[in-house]
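Shown next, in structure tokens, is the structure this report addresses.
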Amino acid sequence: MTQDEMKKAAGWAALDYVQKDTIVGVGTGSTVNHFIDALATMKNQIIGAVSSSEASTEKLLAYGIEVFDLNSVDQLSIYVDGADEINGQNHMIKGGGAALTREKIVAAVAEKFICIVDNTKQVDVLGEFPLPVEVIPMARSYVARELVKQGGDPVYREGVVTDNGNVILDVHSMKIINPLEMERDINAIAGVVTNGLFAARGADHVVIGTPEGALKR
Numbered sequence: 001m002t003q004d005e006m007k008k009a010a011g012w013a014a015l016d017y018v019q020k021d022t023i024v025g026v027g028t029g030s031t032v033n034h035f036i037d038a039l040a041t042m043k044n045q046i047i048g049a050v051s052s053s054e055a056s057t058e059k060l061l062a063y064g065i066e067v068f069d070l071n072s073v074d075q076l077s078i079y080v081d082g083a084d085e086i087n088g089q090n091h092m093i094k095g096g097g098a099a100l101t102r103e104k105i106v107a108a109v110a111e112k113f114i115c116i117v118d119n120t121k122q123v124d125v126l127g128e129f130p131l132p133v134e135v136i137p138m139a140r141s142y143v144a145r146e147l148v149k150q151g152g153d154p155v156y157r158e159g160v161v162t163d164n165g166n167v168i169l170d171v172h173s174m175k176i177i178n179p180l181e182m183e184r185d186i187n188a189i190a191g192v193v194t195n196g197l198f199a200a201r202g203a204d205h206v207v208i209g210t211p212e213g214a215l216k217r
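Residue numbers (the working numbering): 1 to 217.
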């Protein structure tokens, strides 16, 4: 089974968590694209979706799924999204697609976070995947200097502007032993919008695509 087939297995298995007559929180990325394909098969059984990125919104609308502004929604039963890395405590690194801020906001609203990944995303210690940090443009150099003080090697993601009009610094060479503490410390730097650690709000359920099919934990 290819990596994309494992992503597809996880995306389709996440349908088990979708409740009828609800608004579904939808994330961003290649695995989520498979979930959107699956969600389209039951679009007449849900009210619609809230999306964390313009790309996902376009895909949902193309399927005829109504997309709601989060400000008009009181609650979400679930939020389904992928991860760039996930550890055994269901802490994640996200933001490879530069949608981390909106993803973190939608995840905060949802009652349950369903993380869908292929088995290559599982790690014991977070940090091999560079940690994305969304930064107000004028603070880019200052934030980079502060991240160096924390032991990181920040690299400006050139040519990328987030849906919020900001820039991304990808922090390399980090072995993240305490994700909760690091998430808080980086977010405290002036000019940081948020970082890609999802530890304070980790996943409630994980669906893992494997060569044998989808596994849930």
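Cβ coordinates follow ideal geometry from the N, Cα and C atoms, glycine included. Since the model is a prediction, treat every value here as computed from it, not as a measurement.
Helix, strand or coil at residue i [DSSP, three-state]
i    : result
D37  : helix
N268 : The chain is shown from 1 up to 217; residue 268 falls before or after that span and cannot be answered.
A10  : helix
T210 : strand
S52  : coil
P154 : strand
T132 : The sequence shown places Pro at residue 132, not Thr. Correct three-state label for P132: strand.
Cβ distance (whole Å) where residue i is taken to contact residue j below 8 Å
i    : j    : result
I186 : V125 : No, I186 and V125 are not in contact; Cβ-Cβ is about 17 Å, not under 8 Å.
I189 : E146 : 5 Å
S56  : T22  : Not really, about 17 Å apart at Cβ, beyond 8 Å.
T218 : T194 : Within the shown structure, residues of the chain are numbered from 1 to 217, placing residue 218 beyond reach of any answer.
Proximity below 8 Å, CB of residue i to CB of residue j
i    : j    : result
K43  : I65  : yes
N90  : G11  : no
P223 : A139 : Beyond the ends of the chain as shown, which are 1 and 217, falls residue 223; an answer cannot be given.
P137 : V117 : no
M174 : G151 : yes
V50  : L76  : yes
V32  : D81  : yes
Pick from the options that is closest to residue i, judged by C-alpha positions
i    : options                  : result
G209 : P137, V161, N166 and A83 : A83
E232 : Q75, H34 and G29         : Because the chain spans 1 through 217 in this model, residue 232 falls outside it and cannot be assessed.
V171 : D204, G127 and G165      : G127
E181 : A200, T194 and N164      : A200
Q3   : T120, P179 and V193      : T120
H205 : R184, C115 and L215      : C115
V18  : A38, V67 and E158        : A38
Bounding residues of the beta strand (DSSP E) (the contiguous stretch that carries residue i)
i   : result
S77 : L76 to D81
E66 : Looking at the DSSP string, E66 is not in any beta strand (DSSP E), and its letter there is neither H nor E.
The alpha helix (DSSP H) enclosing residue i, as first and last residue numbers
i    : result
V106 : L100 to V109
I168 : No alpha helix (DSSP H) holds I168; the beta strand (DSSP E) holding it covers V167 to H172.
I186 : P179 to N187
V160 : First-last for V160: undefined, no H or E at that position.
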